[in-house]
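Okay, so the sequence shown: first residue is 305 according to the working numbering, each after it adds one.
We treat Cβ as the ideally placed atom computed from N, Cα and C, and that holds for glycine.
For reference, the structure is listed below as structure tokens.
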Amino acid sequence: MSKIAFAESGTAYHPETGERIVWGTASDHKLVSKAQAEAYKEREEFKGRQSDFTFTAMDAINEVTAVLTTAQCGYLVLLQCFVNYGDGTLVDSEDIPMSTKDMQTVLQLTRKRQTFYDFLNACLEHDIIRKKDDNSYSVNPRYHFRGATDNKAVIRSYTAMVKRVYREVRAVDLGLIYRMLPYVHYKTNALCANPSEPDVKSIRWFNGKELAAVLGINSMELSRRLPRMRFGDEYVIARLKVGGIAYYIFNPNVFYRKTSKPDDTLVAMFNVNYEK
305 MSKIAFAESG
315 TAYHPETGER
325 IVWGTASDHK
335 LVSKAQAEAY
345 KEREEFKGRQ
355 SDFTFTAMDA
365 INEVTAVLTT
375 AQCGYLVLLQ
385 CFVNYGDGTL
395 VDSEDIPMST
405 KDMQTVLQLT
415 RKRQTFYDFL
425 NACLEHDIIR
435 KKDDNSYSVN
445 PRYHFRGATD
455 NKAVIRSYTA
465 MVKRVYREVR
475 AVDLGLIYRM
485 LPYVHYKTNA
495 LCANPSEPDV
505 KSIRWFNGKE
515 LAAVLGINSM
525 ELSRRLPRMR
535 FGDEYVIARL
545 KVGGIAYYIF
555 NPNVFYRKTS
565 KPDDTLVAMF
575 NVNYEK
């Protein structure tokens, strides 16, 4: 068999097969397959489309839901979209710290002053939101933050979608969605009892009764409220029925745990038109 010696970088053709060969020095080149290159391209395109997101620490959500009402949890879901990188200060679109008036405006509570301050005071009392020395406000990064993390027990909230959902549903419905976040499976976005289970065959999916139980409501109320949780033509949660039993999956365009592009099947589940 013929041998080929490589130096520096360039292209050639294999003397026996005629196949085109590209080579380079190991110190400044990296060999990747076409499949790897395409996968990288898809990941980067996905990151570009979904660049604006915040993290929610899944293990700490129960601390929040234990002290805030469901509607107040909905207010928090929206407000955490405005945290900045670094110290979690709540800022507007021009990175100017938000005043209480600004917060009331984005929460659509300008005519419900008492409702807003009940929410804010509860958050301050329980260290969910902090008032800083300069009178600006920040969200405790134990619960919500932006920036890099090595913690896999987090879920991304895509801010543009969350803001849109808030405009189209009631705060109490968004708060109910928030209560579901600790149960989102890492690989599949399924709502289940073991969200960190690596083997998808071992996922313990919630049925309607079980999901309602962990949320503290009855299954009839859950069935009534889920159809309201949508934005435009997309639902926030899909109801999948298999063998007469209903299971539930989160829309990856709103909340998603992985850094890679969502599976095509998962995306397709939500590609339906809402008909009035």
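Can you have a look at G536 and say buried or exposed, based on whether 16 or more other CB atoms are within 10 angstroms of its CB?
-> exposed
In terms of residues, what are the limits of the beta strand (DSSP E) holding L544?
-> I541 to V546
Assuming V387 contacts V443 under a Cβ cut-off of 8 Å, what Cβ separation, rounded to an integer in Å, is found between them?
-> 5 Å
Distance, P556 Cα to P566 Cα | 7 Å
Sorted by chain position, which residues of the same chain lie with C-beta nearer than 8 Å to I459's C-beta, five sequence neighbours on each side aside?
-> F359, T360, M362, L485, V488, F559, Y560 and R561
Between the Cα of E538 and the Cα atoms of D391, F449, D438 and N575, which residue gives the shortest distance?
-> N575
Which of the three DSSP states, helix, strand or coil, is assigned to S527?
-> helix
Taking the C-alpha atoms as reference points, what is the distance between M524 and A517?
-> 11 Å
Do the CB positions of L380 and V410 come within less than 9 Å of each other?
-> no
Which whole-angstrom value is the C-beta distance of R483 and T374, which I expect to be below 8 Å?
-> 7 Å
Using the C-alpha atoms, what's the distance from N439 back to K456?
-> 33 Å
For the beta strand (DSSP E) that R460 lies in, which residues bound it at each end?
-> V458 to Y462
Do T453 and C385 have their CB atoms nearer than 9 Å?
-> no
Reducing DSSP to helix, strand and coil, say where I400 ends up.
-> coil
N-terminal and C-terminal residue of the beta strand (DSSP E) that A550 is part of | I549 to F554
What's the gap between the Cα of T404 and the Cα of R415?
-> 13 Å
Simplified DSSP state of A497, which is helix, strand or coil | coil
Where do the N-terminal and C-terminal ends of the alpha helix (DSSP H) with K416 fall, by residue?
-> Segment: none, K416 is in no alpha helix (DSSP H) and carries neither H nor E.
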